[in-house]
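Beneath this line is the structure, given in C-alpha cells, with notes to follow.
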Amino acid sequence: MKTLFERTQGLTDIPFHYCPGCTHGIIHRIIGEVLEELHLLENTVGVTGVGCAGFAEQYINVDFQGSAHGRAPAVATGIKRAHPELVVFTYQGDGDMVSIGLAEAVHAAARGEKITAFLVNNANYGMTGGQMAPTTLIGQKTATSPYGRQSEQSGFPLDLPVLISNLPGAAYVATVTVDTPQNVFKAKRAVRQAFKTQMDGLGFSLVQFLSTCPTNWGLTPVESIQWMQDNMFPVFRIGELKQPQ
C-alpha cells in the first residue's frame, strides 16, 4: 500500500503540552516539516529564549541551545559565526523578542547576521500570567492593564517585522498566521523561504506568526481564533514585507 501521509521526522515523539487552542504546536510542525524536506535535521541548531516558546527544544527534532531571556539572537550569532556550515534559528515569543530582547533582534538584523528568527506573537506574556507585552493592542485587557492598554501611558503595539524590514541587513521578513489551512500553507512557504535565505547567505531572516492565547485571553479556542482575526489582523501587517533582492 502506498503511503500518502506520515509523521514528520522533524518532531520528537513527546506529546505537546500546550494549552488547548494554542498554535505553538502547529508552528512546531511547520518548522519540523520544512527542516525535514530541506534535509537539514542533522545540520541545524535552534536557540530558544524564555517563555512558552522555550519548550520548543523538547519538540522540534534538532539540537538546541537555551539562552537567557531575550538573548537568543546573540547566542545564535555566536553559533553561526563559529560554525557557518550550520543552519541556525531562534524560536521566541513576543515578550522575549520584542521586549527584553528587542536590542538583540534589531542589531542582529542590522548586522545582517545569517540566521533565521521565528517570532510567535500572542499579544501578551503567555507563560507568566498574561501581562501586557509590547505587542498588546490598544484597549486590550491583560493582567497588568485591567482597564485596557492606553496609548498615553504605554504607547502603541510594536510591529517588529515592519521595523526590521527597514534595515539593509534584513533579507527576508514576513508575518504569517496559522488560523486556517490556507494560511498554514502560506506560513510554511514563508518558513521555507526564511531558511533558504540563510542557506544562500543573503542575510537575516524573520518570520512572525500571529498566534492565540486562549487561557490568558479568557476565551475558548474557537473564540480566540475569531478574536485574533478581528483584532490582531488589522494591527499587524500580514504578508511578505521584504524579499531577497
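For the sequence shown, counting from 1, position 195 maps to 194 in numbering that gives the first Met the number 0; every step adds exactly one. The beta-carbon is built from N, C-alpha and C at its ideal position, and this holds for glycine as well.
Where the alpha helix (DSSP H) through residue i begins and ends
i	result
Lys79	71-81
Ser66	Looking at the DSSP string, Ser66 is not in any alpha helix (DSSP H), and its letter there is neither H nor E.
Glu103	101-109
Pro160	159-163
Residue i - DSSP class collapsed to helix/strand/coil
i	result
Lys241	strand
Ser150	helix
Leu34	helix
Ile25	helix
Cys51	helix
Leu40	helix
Gly94	helix
Identity of the residues DSSP links to residue i by a beta bridge
i	result
Thr89	Val46, Ala116
Leu10	Ile59
Gln309	Because the chain is modelled from 0 through 244, residue 309 falls outside the range shown and cannot be assessed.
Ser144	Thr141
Cα-Cα separation between residue i and residue j, rounded to whole angstroms
i	j	result
Ala186	Arg28	11 Å
Ser210	Val86	25 Å
Gly31	Leu10	6 Å
Gly111	Ala55	25 Å
Leu118	Val161	13 Å
Ser144	Met131	6 Å
Leu136	Thr43	35 Å
Trp216	Cys21	11 Å
Pro243	Ala116	16 Å
Lys113	Lys241	15 Å
Val172	Thr2	35 Å
Pro14	Ile59	11 Å
Leu159	Val97	7 Å
Ser164	Met0	47 Å
Ile26	Ile78	23 Å
Thr176	Pro133	19 Å
Gln207	Asn120	7 Å
8 Å Cβ cutoff, residue i in contact with chain D
i	result
Leu3	The chain inventory of the structure shown lacks chain D, comprising one protein chain alone.
### Message
In chain order, what are the residue ranges of uninterrupted alpha helix (DSSP H) at least 4 long that sit wholly in the region 167-244?
### Response
As far as the region 167-244 is concerned, its whole alpha helix (DSSP H) runs of at least 4 residues are 180-198, 213-216, 220-226.
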